[in-house]
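There are 2 protein chains.
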Amino acid sequence: MSQRLLINMDQLDIARNISLFSDLTENEKDSLLKEGGIYSYRSKECLFMEGDPIKFLYIVCDGLVQEFRQTADGRELTVNIHKKGDVFCKTEIFLNEGLHNTNAMAIDSAYVMELPIDKFKESLQKHKSVAQRLASSLARFAAMKQIEVEQQATMTSAQILALFLRQTCASHGLDPRGFSLPYKKSLIASRLGMKLETLSRALPKLKEQGITVKGSHVSFTDLKASGLAGLQAAARGNAVKFFPPSRKIREMAHAS
Amino acid sequence: MSQRLLINMDQLDIARNISLFSDLTENEKDSLLKEGGIYSYRSKECLFMEGDPIKFLYIVCDGLVQEFRQTADGRELTVNIHKKGDVFCKTEIFLNEGLHNTNAMAIDSAYVMELPIDKFKESLQKHKSVAQRLASSLARFAAMKQIEVEQQATMTSAQILALFLRQTCASHGLDPRGFSLPYKKSLIASRLGMKLETLSRALPKLKEQGITVKGSHVSFTDLKASGLAGLQAAARGNAVKFFPPSRKIREMAHAS
DNA sequence: CGGAAATTTGAGCAATTTCAACATGGGTGG
DNA sequence: CCACCCATGTTGAAATTGCTCAAATTTCCG
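Chains A and B supply the protein sequences, listed in that same order. Mapped onto the working numbering, the consecutive letters of the first sequence carry residue numbers 106 to 361. Mapped onto the working numbering, the consecutive letters of the second sequence carry residue numbers 106 to 361.
Below is the structure:
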């Protein structure tokens, strides 16, 4: 199924330069990374499926990987789209049963470094910096998901889409004055928890927010805080319903 | 504003028994906890507000604390409701600027142990087990929020509410055959990202799922997998659109 | 140039929100 | 003990928003 991979130093360098390992010495990195291999995946090939045992930490060296879940009602919802330099299955390592609860599939074709988790866990033990950076990354992921919950609850699909486009542009380092979408629209819809039709209908509405989309070509016109305009317009004054923090009387806990 | 607190050993014990510190010796726990104090908060008193500098790790010793955010459009969305034994501001410690991005407010009155973050960070450095448990907890929080995103995208408000009630019942150790709601309905609505009216209208629909709510009294009739019935009914077969995982040809990365 | 996949569009429907009116229910002060 | 009040919750009706289904286009590839 999968293609044989010629060793490609560029791809290995991606793995060497991820921030998770940035405090390791070159030797430490090498001895960890040589435990893993870089694998090549064809378009739509699965890295793992829900219920599979968790064996690796994955580092995307090239291409894109979609991580998604089939929800109870048979829908496919994309948890995340991992791009070059992204590391995934960080969360799962700490979760209970050692089984994947998502599916991962290559979009187009992808090259992925797979690092056995037991080796990775060893390095977590050995190197405090790795553990610390992992925790940061988990915290950031949790905060991101929290914000997504809020967005889904309070924003219209057009607003969510606008934010996603800006964010995508920034995180891929694209030119805000004009770029082409790095993903298919159906993938974006799945990532944003909306239907393709909804996304399609949201696109024209983005003009009001200074985003023009034609086909897969996107350009931001109002380059600064245009995204905020919509939000601010929708904002209403509302009274603060709670007391401000007060001086607290501190009481030592007589431990021991 | 806040009441003076008589030292209460029960409350201190709550803090001593949280799982985050469960691998520490009694001495280690004591020397850490004596750095913090237990504070008393009146109903609706704030522990901190958005934008405040992050100073403490909080451990709820008694009562309830609502953690929430004012969204851009002026709505109030509850991130989490912390109950006795819960620890919060774990995530924030790892995030950038050292400022709170949520508000925390006592519901009714609450007793909260506040542990200076620099002291807590020291113990993270000193005790691997604390760091490990913190990471687990972050991972679990992230997974929970991910599931919430999915629920909001795929489930009806009645289903979401049903899940929340079951979960609440379990996590508070209440009797599923009949208990009263530990929170006000408006708080629940805010927690679930829906309007109070929507929640109110969803309540009668829960009967179909074997949950009876009258006033603030809840009882589960169909005690087993009743919650799944609705989901399964809504489920439809849909074809698998991707390839199963293939054998991969492994290629050693010639690191170094 | 086909044909399949991806996207767009239309029309009707379902769920949630909004706004407004109404009910309930503790608690307080007389 | 009761009348009253304010916070909380419920209900109705209209308006939004997103979803479903179906058909029409467009795009992508060989």
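Using N, Cα and C, we set each Cβ at its ideal position, and we do this for glycine too.
Checking the sheet assignment: what are the DSSP bridge partners for residue i?
i	result
residue 260 of chain B	Paired residues: none, contrary to the question.
residue 288 of chain A	In DSSP, residue 288 of chain A forms no bridge with anything.
residue 151 of chain A	A:210
residue 277 of chain B	Paired residues: none, contrary to the question.
residue 193 of chain A	A:163
residue 215 of chain A	A:146
Mapping DSSP to helix, strand and coil, what is residue i?
i	result
residue 222 of chain B	helix
residue 335 of chain B	A caution first: residue 335 of chain B carries a pLDDT of 39, below 50, which makes its placement in the model unreliable, though a value can still be read off. Helix, per DSSP.
residue 202 of chain A	coil
residue 237 of chain A	helix
residue 124 of chain B	helix
Among the options, which has the Cα closest to the Cα of residue i?
i	options	result
residue 146 of chain A	A:309, A:219 and A:180	A:219
residue 249 of chain A	B:256, B:267 and B:206	B:206
residue 312 of chain B	B:224, B:123, B:326 and B:150	B:326
residue 285 of chain A	A:319, A:259 and A:268	A:319
residue 298 of chain B	B:288, B:160, B:254 and B:158	B:254
residue 170 of chain A	A:184, A:314, A:270 and A:139	A:184
residue 158 of chain B	B:291, B:228 and B:202	B:202
residue 426 of chain B	B:200, B:193 and B:276	The shown model of chain B, from 106 to 361, leaves out residue 426 of chain B, and the question about it has no answer.
residue 230 of chain B	A:237, A:228, A:180 and A:141	A:237
residue 224 of chain B	B:131, B:150, B:160 and B:291	B:160
residue 150 of chain B	B:139, B:213, B:265 and B:122	B:213
residue 290 of chain A	A:191, A:232 and A:270	A:270
residue 296 of chain B	B:221, B:241, B:275 and B:262	B:262
residue 143 of chain B	B:132, B:309, B:121 and B:154	B:121
residue 276 of chain B	B:141, B:191 and B:114	B:191
residue 241 of chain A	B:228, B:198 and B:274	B:198
residue 180 of chain A	B:260, B:310 and B:280	B:260
residue 228 of chain B	B:130, B:117 and B:116	B:130
Go to residue i, then tell me how far its beta strand (DSSP E) extends in each direction, as first and last residue.
i	result
residue 174 of chain A	161 to 175
residue 143 of chain B	142 to 146
residue 183 of chain A	181 to 187
residue 322 of chain A	322 to 325
Can you tell me where the alpha helix (DSSP H) holding residue i begins and where it ends?
i	result
residue 319 of chain A	Counting along the chain, residue 319 of chain A falls outside any alpha helix (DSSP H), though it belongs to the beta strand (DSSP E) covering 316 to 319.
residue 305 of chain A	301 to 310
residue 137 of chain A	131 to 138
residue 119 of chain B	114 to 121
Pop quiz: residue i and residue j are said to be a contact at Cβ under 8 Å. What is the actual Cβ separation, rounded to whole angstroms?
i	j	result
residue 163 of chain B	residue 217 of chain B	5 Å
residue 247 of chain B	residue 196 of chain A	5 Å
residue 324 of chain A	residue 283 of chain A	4 Å
residue 215 of chain A	residue 178 of chain A	Not a contact, Cβ separation roughly 29 Å.
residue 152 of chain A	residue 210 of chain A	7 Å
residue 301 of chain B	residue 294 of chain B	5 Å
residue 135 of chain A	residue 234 of chain A	Rounded, the Cβ-Cβ distance is 16 Å, inconsistent with contact.
residue 200 of chain A	residue 244 of chain B	6 Å
residue 125 of chain A	residue 239 of chain A	6 Å
residue 189 of chain A	residue 165 of chain A	6 Å
residue 292 of chain A	residue 222 of chain A	So it is not a contact: roughly 27 Å between Cβ atoms.
residue 402 of chain B	residue 265 of chain B	The displayed coordinates of chain B run from 106 to 361. Any statement about residue 402 of chain B would go beyond what the structure contains.
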